[in-house]
């Protein structure tokens with residue numbers, strides 16, 4: 006589209022309402038309506054071009070209504086996501102497909118099916134954040150570039166129509182000392198520019214960029230938030246590790262290798278009721294009060310340069326004691342003590358006995374996390390494990406199943422093979438459960454139980470936090486910049502033996518009129534009239 010050339014010689018982009026240089030209205034020059042000074046009357050691309058597909062996309066995202074609509078949708082989604090806990094906060098080792106229905110009924114099932122259980126990592130929520138970021142970028146370019154160009158090109162001497170159609174305007178006879186006027190304006194921190202005896206006094210132009218600084222901060226904040234879902238940028242995982250166990254630390258595998266952790270012992274210390282300092286409070290509580298949760302661990306690092314499938318070669322990094330609020334830090338990672346489980350079932354001992362005599366033919370020791378398929382007791386006596394249910398329960402059809410892989414309620418289906426019963430006898434064994442498939446001659450009896458304490462550690466790494474903090478700081482600077490200052494301009498021009506006075510601000514007209522009143526009293530200028538018809542408070 007062609008540019009519009011003003012009589013002052015300045016070429017304005019198509020769609021400009023008032024000349025960016027002299028301020029002459031480019032249409033309806035003789036109108037008495039106040040000039041629309043929003044964006045200095047500059048051409049806004051979204052309000053000018055609407056032909057191509059790119060124009061339509063640009064105009065869609067440049068709409069303030071669309072931006073607000075995206076924010077509302079994000080807020081509604083985030084609010085729904087807080088109705089039930091996110092998947093990362095539900096108990097470990099449970100199946101989320103059944104957990105939400107069992108715990109919260111039909112609403113929980115709907116919550117899961119709609120994907121709200123993993124809201125902040127879902128593709129559609131990330132798409133909403135991306136759409137908001139695109140909207141902020143396009144809005145900033147669409148409004149910010151024309152505003153910058155108009156403010157950069159403005160002249161001291163403005164067209165008559167520009168002066169007359171400002172909200173604050175007055176005409177007075179000359180005879181006033183312009184030097185005194187400039188002195189008064191300078192005292193109120195105005196920057197003075199002169200041209201052929203005309204004056205432009207301006208201050209706080211930087212405040213016009215407050216919203217765009219807000220947008221920049223929000224964009225940086227959104228980038229930081231979205232980077233959390235890129236590998237290597239953010240880790241927040243829970244590690245349950247039993248005493249004596251060595252396992253890989255989730256989220257720490259890189260090209261330099263993998264970290265491993267060995268849990269030597271979990272320690273829980275209680276307050277002593279005999280301690281006079283705490284005795285009264287402890288007696289009121291009645292229960293034992295923990296004083297300290299602590300995991301004594303060793304951190305290892307495994308070199309990645311090793312044979313595929315071979316056991317990792319662990320190199321000791323350090324020994325440490327992880328306590329609540331006293332994490333173990335290494336590299337970009339931190340390990341926090343967040344939970345524990347005392348006396349978790351680890352091993353179950355069972356004896357094979359003859360029912361008629363009670364004679365035992367041997368004992369089997371079942372590792373509840375890695376049970377064997379068969380246990381040979383010698384002399385033709387053998388126990389085969391047909392099925393294993395770590396956390397036994399009955400499903401909706403009354404069939405045995407397991408709730409998860411944690412052995413909180415172990416149950417087994419055994420086949421007992423003896424010289425007397427070479428085809429084997431089947432029995433179902435669980436805690437306080439012993440069901441036989443027929444009239445068996447042999448049985449399995451409980452003979453012992455091994456337990457271990459379990460530590461729950463949270464593995465955290467956050468490389469996005471500095472980005473988010475920087476974005477938040479920039480956003481707040483933009484809020485302060487645009488909220489506590491306003492852009493004020495005063496034009497004083499000599500025309501036909503008179504002084505024409507006009508003033509404008511982007512907000513807080515009451516403050517500008519109050520300041521103009523003080524300038525008038527100190528310099529002798531005529532107080533401009535508010536042509537909008539609004540009365541001062």
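Numbering (the numbering used here), first residue to last: 6 to 542.
The beta-carbon is built from N, C-alpha and C at its ideal position, and this holds for glycine as well.
{"Query": "Cα-Cα separation between residue 108 and residue 45, rounded to whole angstroms", "Result": "59 Å"}
{"Query": "Straight-line Cα distance separating residue 31 from residue 22", "Result": "6 Å"}
{"Query": "Runs of beta strand (DSSP E) wholly within the stretch 419–464 (minimum 3 residues, chain order)", "Result": "430–435 and 438–441"}
{"Query": "C-alpha distance - residue 243 paired with residue 255, whole-angstrom precision", "Result": "8 Å"}
{"Query": "Proximity of residue 416 and residue 435 at Cβ, strictly below 7 Å", "Result": "yes"}
{"Query": "At least three beta-carbon pairs within less than 8 Å, the stretch 495–504 to the stretch 210–227", "Result": "no"}
{"Query": "Option in 518, 533, 511 and 531 with minimal Cα separation from residue 152", "Result": "511"}
{"Query": "Buried/exposed call for residue 38, threshold 16 Cβ in 10 Å", "Result": "exposed"}
{"Query": "Residues of its chain near residue 420, where Cβ-Cβ distance is below 6 Å and the 5 sequence neighbours each way are ignored", "Result": "389, 391, 429 and 431"}
{"Query": "Best match in 357, 234 and 514 for proximity to residue 452 [C-alpha to C-alpha]", "Result": "357"}
{"Query": "Cβ-Cβ separation, residue 473 to residue 229 (assumed contact under 8 Å), whole Å", "Result": "4 Å"}
{"Query": "Residue 518 classed as buried or exposed, judged by whether at least 16 other C-beta atoms fall within 10 angstroms", "Result": "buried"}
{"Query": "Where residue 144 falls, given that 16 or more other Cβ within 10 Å makes a residue buried", "Result": "buried"}
{"Query": "Segment contact, 8 Å Cβ cut-off, at least three pairs: the stretch 116–134 with the stretch 79–96", "Result": "yes"}
{"Query": "Through-space distance from residue 480 to residue 132, alpha-carbon basis", "Result": "22 Å"}
{"Query": "Residue nearest to residue 245 in terms of C-alpha spacing, selected from 496, 410, 56 and 16", "Result": "410"}
{"Query": "For residue 153, the first and last residue of its enclosing alpha helix (DSSP H)", "Result": "128–158"}
{"Query": "Ranges of the alpha helix (DSSP H) found wholly within the stretch 372–416, counting only runs of at least 4", "Result": "none"}
{"Query": "Alpha-carbon spacing of residue 460 relative to residue 350, whole angstroms", "Result": "14 Å"}
{"Query": "Close-in-space but distant-in-sequence residues of the same chain around residue 11 (CB under 8 Å, 5 per side omitted)", "Result": "17, 24, 26, 27, 29 and 31"}
{"Query": "Beta-carbon contacts of residue 455 that lie in its chain and below 7 Å, excluding the five residues immediately before and after", "Result": "351 and 352"}
{"Query": "contact_flag[the stretch 189–201, the stretch 522–532] where n(CB pairs < 8 Å) is 3 or more", "Result": "yes"}
{"Query": "Which of helix, strand or coil DSSP assigns to residue 21", "Result": "coil"}
{"Query": "Residues of its chain near residue 376, where Cβ-Cβ distance is below 7 Å and the 5 sequence neighbours each way are ignored", "Result": "390 and 393"}
{"Query": "From 340, 447 and 514, residue whose alpha carbon lies closest to that of residue 240", "Result": "340"}
{"Query": "Residue 551 versus residue 335 - alpha carbon distance", "Result": "Nothing about residue 551 can be reported from this structure: the residues present for the chain run from 6 to 542 only."}
{"Query": "Residue ranges of each beta strand (DSSP E) within the stretch 297–361, 3 or longer", "Result": "319–328, 333–335 and 338–359"}
{"Query": "Burial state of residue 117 (16 or more Cβ within 10 Å)", "Result": "buried"}
{"Query": "Proximity below 7 Å, CB of residue 141 to CB of residue 224", "Result": "yes"}
{"Query": "Local conformation of residue 123 per DSSP, three classes", "Result": "helix"}
{"Query": "Per DSSP, the bridge partner or partners of residue 100", "Result": "Per DSSP, none; premise fails for residue 100."}
{"Query": "Residue 147, buried or exposed, once every other Cβ within 10 Å from all chains shown has been counted against 16", "Result": "buried"}
{"Query": "Residue from 323, 295 and 379 whose Cα sits closest to the Cα of residue 305", "Result": "323"}
{"Query": "For residue 203, the three-state DSSP class (helix, strand or coil)", "Result": "strand"}
{"Query": "Residue from 367, 537 and 371 with nearest C-alpha to residue 383", "Result": "367"}
{"Query": "Alpha carbon of residue 53 to alpha carbon of residue 91, nearest angstrom", "Result": "45 Å"}
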